[in-house]
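Q: So the protein lines, in turn, are chains A and B. When we follow numbering that gives the first Met the number 0, the leftmost residue of the first sequence carries the number 0, and every step to the right adds one. When we follow numbering that gives the first Met the number 0, the leftmost residue of the second sequence carries the number 0, and every step to the right adds one. Take a look at the following structure, please.
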Amino acid sequence: MNRSRWIRSAFVVALVAAAVFAVSHTTRPAAAQPKPATAGPLDSAAPQSELKVVQQVNASIDRGLEYLAAKQRKDGGWHANNAINSLALLAFMGRGHTPGRGRYPDVLEKGKKFVLANSQDNPKGYLAQFGGGSMYEHGLTTLALAEMYGMDPDPELETRLRAAVTLIEKSQSPRGGWRYGPAPDNQDLSVTVMQIVALRAANNAEIPVSQKVIDNAITYVKSCNYPAGGFGYEGPGQGGPTSAAGVLSLQLLGKPDDPGIPKTMDYLKSFLRATPKEQWENHGLGYFYYFHYYAMQAHYQYGGAHWNDWHPKVRDALLLRQNADGSWDVPAGSSEAAHADPNKVYSTAMACLVLDIYLHFLPAYQR
Amino acid sequence: MLNWLLRQANVGDVFLEHRGELTYHVQYPLAVVVGLPLVLLVGAGIYVLQRRNLKSSPRSLVLALTICRTFILVLLVAVMAGPFVKLETARENRPVFALVFDRSQSMDLNAGPFSDEEARRITQATGMHVAEGPLDPEMRTAINQQSRARLAHAAVTAKREQLIGPVSTRFELKAYTFARDITPLGVDANNFSLPEPTPPGGPSSRIGDAIQHVLKEAAGRPVAGIVVFTDGESTGGITLGEVAQVCRTANAPVFAVPTGAAAKARDVSIVDVSTSGQVTVGDTARVGVVLESQAYDGKSVKVVVRDGDKVLDTKEITLRSAEQQQVELTFTAQESGPRYLVIEVPPFPDEDHKTNNTDVALLRVSDEKTKVLYVEGLPRWDFRFLKNAMRRDTGLTGRDGKQPDIVLEAEWRRKPEVERAKALPQTLEELAAYHTVILGDVSPKLLTPAFLELLDQAVREKGVGLLVEVGPQSMPHDYDRPLLDLLPVQIDRKATGIYAPAAKPFKLELTPDGVLHEAMQLYDEPGRNQAAWAQMLPHQWCVAAVRPSPAATVLASNPNVVNNYGKLSLIAWQPAGKGRVMLVGTDSTWLWRQNVGDRFFYKFWGQAIRFVARTEDAGKKKSWIEIKPIRAQPGEDATVELRAYTEGGAPVEQPSLPVEISGPGTRTSLVLDADPNTKGRYVGKYRVPTVGDFRFQYANRMAEARLRMLAAPEEMRYPNVNRTALKSLADTTGGEMVELTDPEWAQKIVAQLKGEPKVTKRPPSEATVWDNWMVLAVLVVVYALDVGMRRLGGLS
């Protein structure tokens, strides 16, 4: 009996133990889990621009700058004439490329160094490389350095810029204008406008410019005003380039409401053609790019209906005539063709500068 | 019964739903193969033993006892074998084919004008049968005047056999309608029908968001195609360009179906209005208006700006359809407070759309000028543009009441020592005379520790506002406390900023706080505002900010630079004592001038200068109300902000204040709650029910503001169908733009849809069936039966 009870008890215990063992050591088969769905990567692209014309202009300038960058020599220059080098530098800056950053930091740095190293600096501050007719060079180079100043902390740039501004002040003639050489002996409006633009840019950078120089310049420019509208080369007269130069000069000298301006703006309408093709081929100008460089700025500063009517035709003419390699030629009939460099740096830089007006980046273009 | 048993065995519902597909298995078959024969042997042995030991007991009892014990052993073997049920199912994955219908308000416009030939084809597309020969004039009118939404509906309904029929077994059909939000349409591919598009449409068109929603809902499944019926004008959300890239990456072609004529409507539209934002009483305010026109070349129109019924200025312009035209209107601001200006171009009698000839703009006119001191290091471009814009801003002045005071370190260091020492304010009183101080990239040579202590005091104790624009020369890494403590970001002082890789410049991204912040408002409409910021050019350099300060609000960040604290804070502000400090973490905000000049550049800076500006003491304050946005659409909320002052100029301190609202068929009161952080400020929300002008008044016209409810002005700005955008969307995504005038439009789409259904076997699901109370109960019952039988048999 006791033996039976022992066997039965043992059997029960074994059963229970087996059951417990079975429970604790039986793994539950894992329930299948659905694979979580994963969404593909969501890339984001740059947003589309609203205005097709803005895209066209930007793309055109970019091609032009690619061309200019490719033509820059290893020494940083494009040409022996600093005016052309400076126009190239301004074209890059007008598109928003600044020293030390972005796509063309080396282009600007090397270009600046070349310009500074290849200036006569005699008299002190003189930024031209060539002899006669060099105040064109000096004015444009001063402008380029003035635009670069503040974005490039190079102390030499500041020193040379200040000296250049002082030279311009000292070279002003008694009548208030400037002429080819760095001496206060003569004046004409086409050189004068370049010095005025340079002084305005320097003044915008808070480099002091003598009020007397400004006042005398105003007097001289006004003396070139033709009563029926227009500005002449050395006195009252008409002509496309000088008229545009005269208007812009007064605007930048703080006289946008001068009574000589409205009639001149109406006079300048005579240089508008019906189609972009005619604007290029039938321009009737002695200096095509010189004229449009100043005329575009003058119209922008003037604004209103004149600006609305002017800029599309000039813009479309340039867009139409850009070469496949990004460069621009000098149109037939313009005297600039005789002086144009074979690399087309002058014409390409000027065309870019005219189109740069739309971007509103260059401080010199501010209203 | 089986269901019940399985349920008691704790198998999941999914097994019960697929009971027919269940299979039964054991985990350890060996236990069965070896155990069961063993058990049978043991059982036989038990019977023999029982028979021997229980000779006096009936055979049936012995047999029963043997069966009990054998059964228990069998149960044990069964448990040890680990029985389970298995479910294997297959799933068919069909690519998604989506129809997306634009149901914004512009889709209520007429689909025409179609030419005769186009109109004939449209009749075919919409399933109408017409006789040969010229179309009946009534028929042509009906076709031209049907709404764009109705045209889409009719076209799809007419072509459902060609569009839906062939794909119903291949793809999973989805349909949606969208305006600002997207709503699924419950459609059945086998019994396809669409609800009628009843007007009015929604207040904005977010085409990109709608397409993106379709992709999200597809949740990784292939998308055979997305067909979008729309007029192509997206007025909010992500751009078509962005969503096109998303679709291309996801291999989801978009088929764009323009739902309107290609011919441009006869229309003059105000597409943009901007003001100088803030002026002072007596100043000349400027309102810039941008127009687009079609079919009225050479005609003159007058552009008028009004304040209420008073005409402030009028300008005439000769229309030209080739591109946008701008005109500037000016007037002298005479009354202070927020002025709601209405800009109008009287419509031509034969204009197709007249609702887009009006817009509104907000101009804030203050009684006093904001005194500003701007200190900069070198004349960088931001300085040149900002100081000129500030000089033109007649609402700003310096301590002497003329123009803002500007100190440029590059000129300062050329002055004699005596003059240099006096360049900046020397006492707290002098410095606290300014409302705002702006610091550019100035070196510690000019911003001496003594001056910075003074500045800290001025900000914290006097509430002077501080606006800091960083730069790579010195600001702010060359500085220490107290300036760094004022800033709303903590910086890495070892770094002079962060330069972007040339190929990947830094973008600026608005934060949710930035979207609503007054300094970041380039447009009044949030969608347009975000789009404007998203299109800004990227930057090449930014401050080396590590994290925002604890009290800072980040308004914009740099998504290209991320650390443990998140995206780099690019524009942020924080309160500092009584004052506010804002940091602009890049040095090239001049990039915001691209193509628009000062428009956005100075809107930001002018607003930022005023946002941080010290507020005057009470005694000079008048109550005012401001509504944001100043134009809204029915169903949208407008935020109402009231600044309430007593006649003595002290802020009114109440838990809440009421504002009376009157408008078309409405006269009600809205209770505004007090802002606990700003005395005298009360805020609330109001949902305006209908189109019209609404007036908000506080305390019997002590303060007043207006809200103009327009019928979806964004929708009507560009009323023509934008085929260019739709073609670009379709081409980029590998789809096609198809015209409803093409009789084969539906077949063309179907022929290009990609993908086939794919059957995928799901991994099997398994569930054990022994570890439950039933098995234990059986064990207990059988054992109890054994014990009971023994007792009853007198065996124990």
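Beta carbons: idealized from backbone N, C-alpha and C, even for Gly. Remember, predicted model here, so these are calculated numbers, not experimental data.
Does DSSP classify T140/B as helix, strand or coil?
A: helix
Q: Exposed or buried, what is P415/B when buried is set at 16 or more other beta-carbons lying within 10 Å of its beta-carbon?
A: exposed
Q: Using the three-state DSSP reduction, which class does A501/B fall into: helix, strand or coil?
A: coil
Q: Out of curiosity, what's the CA-to-CA distance linking T234/B and V303/B?
A: 26 Å
Q: From H24/A to L72/B, what distance separates their C-alpha atoms?
A: Per-residue confidence for H24/A stands at a pLDDT of 40, beneath the threshold of 50, marking its modelled position as unreliable; no derived number is given.
Q: In the DSSP output, what is L669/B paired with across the bridge?
A: L669/B is bridged to V658/B.
Q: Using beta-carbon positions only, say whether P547/B and A571/B come within less than 8 Å of one another.
A: Result yes, Cβ atoms of P547/B and A571/B sit closer than 8 Å.
Q: Name, please, each residue of chain A whose Cβ falls closer than 8 Å to the Cβ of N109/B.
A: Chain A residues near N109/B: none, gap ~25 Å exceeds 8 Å.
Q: Whole angstroms is fine: what's the gap from W380/B's alpha carbon to D440/B's?
A: 12 Å
Q: Give the secondary structure of M708/B by DSSP, where H, G and I count as helix, E and B as strand, and everything else as coil.
A: In the three-state reduction of the DSSP assignment, M708/B falls in the strand class, which pools E and B.
Q: With 8 Å set as the bound, which would you pick, yes or no: does the beta-carbon of N721/B sit closer than that to a beta-carbon of chain A?
A: no
Q: Taking Cβ positions only, does H359/A come closer than 8 Å to chain B?
A: yes
Q: Please report the Cβ distance between M796/B and H352/B, rounded to the nearest whole angstrom; I am assuming they are in contact, meaning their Cβ atoms lie under 8 Å.
A: This structure gives no information on residue 796/B, because the portion of chain B shown stretches from 0 to 795.
Q: Counting only beta-carbon separations shorter than 8 Å, does Y148/A have a partner in chain B?
A: yes
Q: Cα-Cα, which of A63/B, G287/B and L108/B is closest to R362/B?
A: A small fix is needed here, since residue 362/B is Leu in this sequence, not Arg. Among A63/B, G287/B and L108/B, the Cα nearest to that of L362/B belongs to G287/B.
Q: Measuring alpha carbon to alpha carbon, tell me which of A178/B, T426/B and E517/B ends up nearest L451/B.
A: The option with the nearest alpha carbon to L451/B is T426/B.
Q: Using a Cβ-Cβ distance cut-off of 8 Å, determine whether P152/A contacts chain B.
A: yes
Q: Within this structure, are the beta carbons of A350/A and G63/A separated by less than 8 Å?
A: yes
Q: Please name the residue in R119/B, T317/B, L454/B and V690/B whose C-alpha comes closest to that of P798/B.
A: Outside the shown range of chain B (0 to 795) lies residue 798/B, about which nothing can therefore be said.
Q: Listing by chain order, which chain B residues have their CB less than 7 Å from the CB of R102/A?
A: A501
Q: Taking only runs of the alpha helix (DSSP H) that begin and end inside the stretch 695–747 of chain B, which ones reach a length of at least 4 residues, in chain order?
A: 712–716 and 722–732
Q: Quick one: what's got a C-beta closer than 6 Å to L430/B's C-beta in the same chain, skipping five residues either side?
A: P424, L453 and A457
Q: Kindly indicate the opening and closing residues of the alpha helix (DSSP H) around K566/B.
A: Careful: K566/B lies outside any alpha helix (DSSP H), inside the beta strand (DSSP E) at G565 to A575.
Q: Since Q55/A and L318/A are thought to touch, with beta carbons under 8 Å apart, how far apart are those beta carbons, to the nearest angstrom?
A: A Cβ-Cβ separation of about 6 Å places Q55/A in contact with L318/A under the 8 Å criterion.
Q: Using a Cβ distance threshold of 8 Å, determine whether the stretch 345–359 of chain B contacts the stretch 224–242 of chain B, with at least three qualifying pairs required.
A: With the cut-off at 8 Å, the stretch 345–359 of chain B and the stretch 224–242 of chain B do not touch.
Q: Counting only the same chain and skipping the five closest in sequence on each side, list residues whose C-beta sits under 8 Å from that of G136/A.
A: In the sequence under discussion, the amino acid at residue 136/A is Glu, which differs from the Gly named in the question. Around E136/A: N80, N81, A82, S85, L126, A127, Q128 and F129.
Q: Helix, strand or coil for A31/A, going by three-state DSSP, please let me know.
A: Low confidence applies to A31/A: its pLDDT is 30, below 50, so where it sits in the model is not reliable, and the reading given next is rough at best. Of the three classes helix, strand and coil, the one that applies to A31/A here is coil, per DSSP.
Q: With A637/B and I624/B assumed to form a contact (beta carbons below 8 Å), what rounded beta-carbon distance in angstroms separates them?
A: In fact, because the Cβ distance is near 11 Å, the residues do not count as touching under 8 Å.
Q: Are W309/A and L271/A close, meaning C-beta to C-beta below 8 Å?
A: yes
Q: Using three-state DSSP, classify G691/B as helix, strand or coil.
A: strand
Q: Please check if any C-beta of chain A sits within less than 8 Å of the C-beta of V651/B.
A: no
Q: Mind reading off the beta-carbon distance from W769/B to A178/B? Whole number of angstroms is fine, and I expect it under 8 Å.
A: With 8 Å as the limit, W769/B and A178/B do not qualify as a contact, their Cβ atoms being about 58 Å apart.
Q: Tell me which same chain residues have a C-beta within less than 6 Å of the C-beta of I181/B, skipping the five on either side of it?
A: Leaving aside the five residues that flank I181/B on each side, the residues in its chain whose CB is nearer than 6 Å to its CB run, in chain order, Y175, A209 and H212.
Q: Give the single residue among P136/B, I142/B, R68/B and E410/B whose Cα lies nearest to the Cα of A124/B.
A: I142/B
Q: Can you list the residues of chain A that A321/B reaches, using a CB-CB cut of under 7 Å?
A: P311
Q: Which residues mark the beginning and the end of the alpha helix (DSSP H) in which R159/A is found?
A: P154 to S170
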